[in-house]
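Top to bottom, those sequences are chains A and B. Position one of the first sequence corresponds to residue 1 (UniProt numbering), numbered consecutively onward. Position one of the second sequence corresponds to residue 1 (UniProt numbering), numbered consecutively onward. Working notes, structure below.
Protein chains: 2
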Amino acid sequence: MALSTVRHNHFLATHEPGLNRFNMVRAQHHHVLLDHPKTKTPNRATRLAESLSHVLHLHIDPTSHKNLDLLSVHEEKHSTPTMSPRENISQKWREIQGYHNWEDILDPLQPWLRREIVKYGEFAQATYDAFDYDSFSEYCGSCRYNQNKLFEKLGLTRNSYTVTRYIYAMSHIELPRWLERSHVADTWSKDSNWIGFVAVSDDDETRRIGRRDIVVAWRGTVAPCEWYEDFQRKLDPIGHGDAKVEHGFLSIYKSKSETTRYNKSSASDQVMKEVTKLVNFYKGKKGEEVSLTITGHSLGGALALINAYEVATTFLDLPVSVISFGAPRVGNIAFKDELHQMGVKLLRVVVKQDWVPKMPGLLFNEKLKMFDEITGLEWVYTHVGAELALDVHSSPYLKGGMNLSGFHSLETYLHLIDGYLSHETPFRSEARRDIALVNKSCDMLVDELRIPHCWYQLANKGLVCNAHGRWVKPKRDNDDIPSHASEVFNAGLGVVM
Amino acid sequence: MALSTVRHNHFLATHEPGLNRFNMVRAQHHHVLLDHPKTKTPNRATRLAESLSHVLHLHIDPTSHKNLDLLSVHEEKHSTPTMSPRENISQKWREIQGYHNWEDILDPLQPWLRREIVKYGEFAQATYDAFDYDSFSEYCGSCRYNQNKLFEKLGLTRNSYTVTRYIYAMSHIELPRWLERSHVADTWSKDSNWIGFVAVSDDDETRRIGRRDIVVAWRGTVAPCEWYEDFQRKLDPIGHGDAKVEHGFLSIYKSKSETTRYNKSSASDQVMKEVTKLVNFYKGKKGEEVSLTITGHSLGGALALINAYEVATTFLDLPVSVISFGAPRVGNIAFKDELHQMGVKLLRVVVKQDWVPKMPGLLFNEKLKMFDEITGLEWVYTHVGAELALDVHSSPYLKGGMNLSGFHSLETYLHLIDGYLSHETPFRSEARRDIALVNKSCDMLVDELRIPHCWYQLANKGLVCNAHGRWVKPKRDNDDIPSHASEVFNAGLGVVM
């Protein structure tokens with residue numbers, strides 16, 4: 001076990017001694033809840049949080065309190081639309097995709113860029129919201145809806161994209177805790193999880209944004225502290241040079257097996273095949289301007305970067321941008337350099353208090369380089385690209401105190417982006433995004449708002465009362481049952497090509 | 001702290017060291033979950049469970065396993081009605097109400113009696129299912145529906161009773177953890193909780209059951225281990241003789257305060273007034289045969305018995321029966337004797353593995369009488385009435401292992417009654433009740449059934465997405481907002497009188 005893992009476990013264990021936090025994390029999906037300590041005098045956990053915060057630059061102030069009349073502001077907003085107006089940005093699309101490395105448009109953040117960042121973040125959030133976490137479901141680990149219904153079911157039709165393909169990734173023995181597995185014997189797949197999707201902008205959206213935009217959205221893990229431990233072991237080479245990326249990430253991206261149903265081809269194969277098809281159609285056949293935007297949160301952000309590397313080595317003249325949220329470090333300096341040389345643009349959105357972007361190599365790259373010798377790790381994980389740094393304290397709606405799960409939650413990121421003007425101005429009063437979304441799967445909103453924590457849940461965990469008065473799990477609609485990968489391959493946009 | 005409390009806390013603490021179970025209990029409402037230990041070799045918790053089981057006659061076999069093909073049986077039942085046929089029992093009603101102390105009809109259990117016991121159990125269950133536990137709700141601690149909609153909302157119209165009055169009880173400083181309190185400042189009531197209801201049989205049901213049946217259903221607590229600690233301190237006198245009952249129970253039943261909105265009169269006053277009104281109307285004015293059946297689970301069963309005592313001292317010629325589920329001991333021997341002399345009939349349904357019916361005085365009345373001297377408690381809590389003893393092991397659908405919350409859950413009781421034929425025959429294969437209900441608020445069903453644990457939950461914790469795309473807590477329907485006690489007093493059946 002690596003030293004930084006020990007550090008993390010220690011922290012959790014100290015906050016509530018003896019409580020098996022890993023089990024709780026599993027039960028609560030992707031949430032590690034560490035509530036604000038209720039005691040007035042700092043306890044051991046608070047003191048440890050403070051000192052860790054100092055060492056890791058986590059910018060945590062465990063004592064901060066807010067006294068605004070938030071409830072009335074919140075309730076006033078109830079009768080206003082949640083989204084900013086969609087202006088025509090067709091002249092600005094290269095800037096938005098990072099052609100100038102987002103220089104001079106991040107601080108202050110241009111409103112037309114903010115809206116696009118949120119749009120991509122919502123694609124990443126969709127991979128969580130539609131995921132079937134129910135271990136009693138025979139479809140555990142799949143998407144609850146078929147690709148034609150995904151955006152409609154999640155209320156994301158306003159983004160005006162069409163999903164053209166779902167991506168599946170494989171789990172294996174070396175990453176035993178990564179996959180969501182069904183408890184039941186007869187399942188849709190024992191080896192695969194839904195890991196994301198490919199989508200493409202509709203004609204109207206294409207006109208508004210100035211080019212046909214292909215999006216790849218990668219799902220993150222349900223329990224960061226688990227892959228943290230599993231994934232930080234070693235770096236594997238990628239490409240033909242010195243570039244290396246973290247073994248665990250690459251393994252999810254590249255693994256396949258003939259014995260599986262959904263991963264006879266790897267996630268990489270699936271994505272590359274779909275992107276190739278779409279680029280050939282829109283760019284090759286129709287002669288359109290085409291961009292590729294790859295997005296993801298947490299692990300999904302790491303996969304996005306590896307995916308970008310592969311696409312960039314394959315399509316030399318395709319503009320490739322990555323917009324990642326709370327993503328950990330992925331590879332070494334050579335990896336970073338090659339991405340830069342190939343023109344891949346990366347915008348890393350990070351919350352200062354979030355610990356995940358500091359991993360792996362948290363302890364190796366920051367203050368404590370002397371651990372390199374102890375662990376025998378001679379390589380260095382490194383971040384690439386431009387950074388949009390957000391601060392939990394900037395929002396009057398968020399609690400103070402230590403909440404590692406809340407700091408890392410994608411909905412927290414989207415809330416903070418929505419309120420961000422510049423690094424020295426307060427939270428944007430015209431922020432439109434629904435504040436309640438923050439608490440979907442964590443406990444970050446101040447109590448005054450009266451939004452329950454972790455409220456995103458199915459009625460009766462999906463059971464429904466049938467005509468005989470019995471509570472049963474309804475059969476999934478046939479078209480929401482995952483089909484064989486080869487069967488879905490030509491669905492979606494395939495029909496028009 | 002009494003010795004038996006120490007025993008209980010110890011048990012929990014040993015199972016998962018350091019975990020604050022009280023907080024979990026509060027968070028999960030009325031559930032203490034102790035999962036079946038996964039390890040093969042008995043750990044400290046298992047060994048303690050075994051020895052406690054032995055001392056307390058809890059009949060727990062931590063190693064029991066079941067190997068039936070349950071899923072197919074379960075799924076076959078999906079297309080059959082959940083209830084047994086309702087036969088005419090008008091000639092048997094005195095037997096059902098315990099006129100002969102249920103002699104010779106409990107073992108084997110007569111089918112017409114089983115159905116009536118389940119009916120009363122469902123009234124008690126309704127007080128849990130409709131309770132608002134949401135501490136962010138301004139109506140926390142109230143019933144979610146008004147009395148005219150209660151049975152309809154819970155799918156209980158088949159029982160053909162009409163609610164005539166809701167009962168509210170007060171909390172006070174000496175029982176700080178008993179009341180569900182809203183976190184928000186502006187609430188329906190700061191001092192009261194909905195504690196039950198009075199209902200009366202409709203005309204059709206009255207013909208079927210042979211008399212006009214008035215029911216009083218009392219709600220239990222959300223966290224048995226809490227009132228266990230709070231309530232077992234001392235006995236208070238009741239009536240004019242030597243009868244005494246446990247202080248905490250009596251206090252909930254009797255407390256009132258002019259400064260409250262719903263408890264200017266006590267729960268006792270409210271019930272007695274309503275029962276008086278109904279008896280005067282149906283018995284006095286219409287000349288009907290009238291019975292009173294008082295039911296409750298857990299704390300609710302204790303309140304039912306105290307309520308029965310008061311009614312019996314007031315209405316000398318009214319048949320009064322109590323059907324309680326998992327109720328603790330309530331009073332001393334004189335209390336028992338007086339109830340007997342007044343002709344109150346009590347049927348106590350108990351699950352052998354449930355620890356609550358052994359409280360208070362668990363350690364004093366059983367093996368360890370020597371503690372009397374240590375604690376200075378010279379009184380003895382005692383049970384009264386007939387007992388229907390159920391065994392968790394009789395059901396092939398229930399897990400083995402230690403699950404204190406599951407053993408005590410009212411839905412577990414109703415499931416076991418439904419399957420009970422006699423103490424020496426296996427679970428009834430024609431049992432009709434929906435098995436999935438058992439897991440509503442606990443984790444008792446074997447995994448093969450694929451019923452999620454604790455599945456009884458609102459979609460998105462009651463938040464709904466409004467026309468602007470914002471997630472808000474909808475305002476309650478006006479007629480579901482608790483009204484002032486004096487305002488509701490003449491609702492329901494009052495209008496026909």
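Glycine included, every Cβ here is placed at the ideal spot set by N, Cα and C. The model shown is predicted, which means the values in this text are computed figures rather than measured ones.
Minimum Cβ-Cβ distance from residue i to chain B less than 8 angstroms
i: T187 (chain A); result: no
i: N460 (chain A); result: yes
i: V472 (chain A); result: yes
i: C225 (chain A); result: Low local confidence applies: a pLDDT of 47 at C225 (chain A) is under 50, so the model's placement there is unreliable, with the coordinate-based value given in what follows. It does not; no Cβ of chain B falls within 8 angstroms.
i: G301 (chain A); result: no
i: N403 (chain A); result: no
Close Cβ partners of residue i (< 7 angstroms) along its chain, the five nearest in sequence each way excluded
i: H74 (chain A); result: I435, L449
i: S483 (chain B); result: none
i: V351 (chain A); result: G326, L390, V392, F407, T412, Y413, L416
i: L156 (chain A); result: E122, A126
Own chain residues within Cβ distance below 6 angstroms of residue i, not counting five before or after
i: S291 (chain A); result: Q97, R211, D213, P319
i: T375 (chain B); result: Note that T375 (chain B) scores 40 on pLDDT, short of 50, meaning its location in the model is unreliable and no value can be drawn from it.
i: V198 (chain B); result: T164, R165, V216, E274
i: A243 (chain B); result: A334, F335, E338
i: D132 (chain B); result: Y139, C140, S142, R144
i: S394 (chain B); result: F427
i: F151 (chain A); result: T157
i: N101 (chain B); result: A386
Burial state of residue i (16 or more Cβ within 10 Å)
i: Q147 (chain B); result: buried
i: L316 (chain A); result: exposed
i: E338 (chain A); result: buried
i: D479 (chain A); result: exposed
i: E288 (chain A); result: exposed
i: K256 (chain B); result: buried
i: G401 (chain B); result: buried
i: S405 (chain B); result: buried
i: V464 (chain B); result: exposed
i: R240 (chain A); result: The sequence given here places His at residue 240 (chain A); Arg does not occur at that position. H240 (chain A) is exposed by the Cβ-count criterion.
Neighbour flag for residue i against chain A, beta carbons, 8 angstroms
i: S429 (chain B); result: no
i: Q457 (chain B); result: yes
i: T162 (chain B); result: no
i: T82 (chain B); result: yes
i: S142 (chain B); result: no
i: R450 (chain B); result: yes
i: C465 (chain B); result: yes
i: G98 (chain B); result: no
i: A267 (chain B); result: no
i: H415 (chain B); result: no
Where the alpha helix (DSSP H) through residue i begins and ends
i: N280 (chain B); result: Here N280 (chain B) belongs to no alpha helix (DSSP H), and DSSP marks it neither H nor E.
i: A304 (chain B); result: 299 to 314
i: V118 (chain B); result: 111 to 129
i: R207 (chain A); result: 203 to 209
i: F151 (chain B); result: 150 to 153
Whole-number beta carbon distance between residue j and residue i, since they are thought to touch under 8 angstroms
i: K461 (chain B); j: W455 (chain A); result: 4 angstroms
i: S266 (chain B); j: T295 (chain B); result: That pair is no contact at about 20 angstroms.
i: K358 (chain B); j: G385 (chain B); result: Not really, about 16 angstroms apart at Cβ, beyond 8 angstroms.
i: L109 (chain A); j: L421 (chain A); result: 6 angstroms
i: V330 (chain A); j: A308 (chain A); result: With 8 angstroms as the limit, V330 (chain A) and A308 (chain A) do not qualify as a contact, their Cβ atoms being about 10 angstroms apart.
i: R348 (chain A); j: E387 (chain A); result: 5 angstroms
i: A304 (chain B); j: V279 (chain B); result: Contact doesn't hold; Cβ gap of about 17 angstroms is too wide.
i: G343 (chain B); j: G196 (chain B); result: G343 (chain B) to G196 (chain B), Cβ: 23 angstroms. No contact.
i: T162 (chain A); j: D204 (chain A); result: Contact flag wrong, Cβ pair sits at about 11 angstroms.
Range of the contiguous beta strand (DSSP E) that encloses residue i
i: A169 (chain A); result: 161 to 170
i: E246 (chain A); result: 244 to 246
i: K345 (chain A); result: 345 to 351
Same chain, Cβ closer than 8 angstroms to residue i, neighbours up to 5 away in sequence not counted
i: P452 (chain A); result: N439
i: P81 (chain A); result: R432
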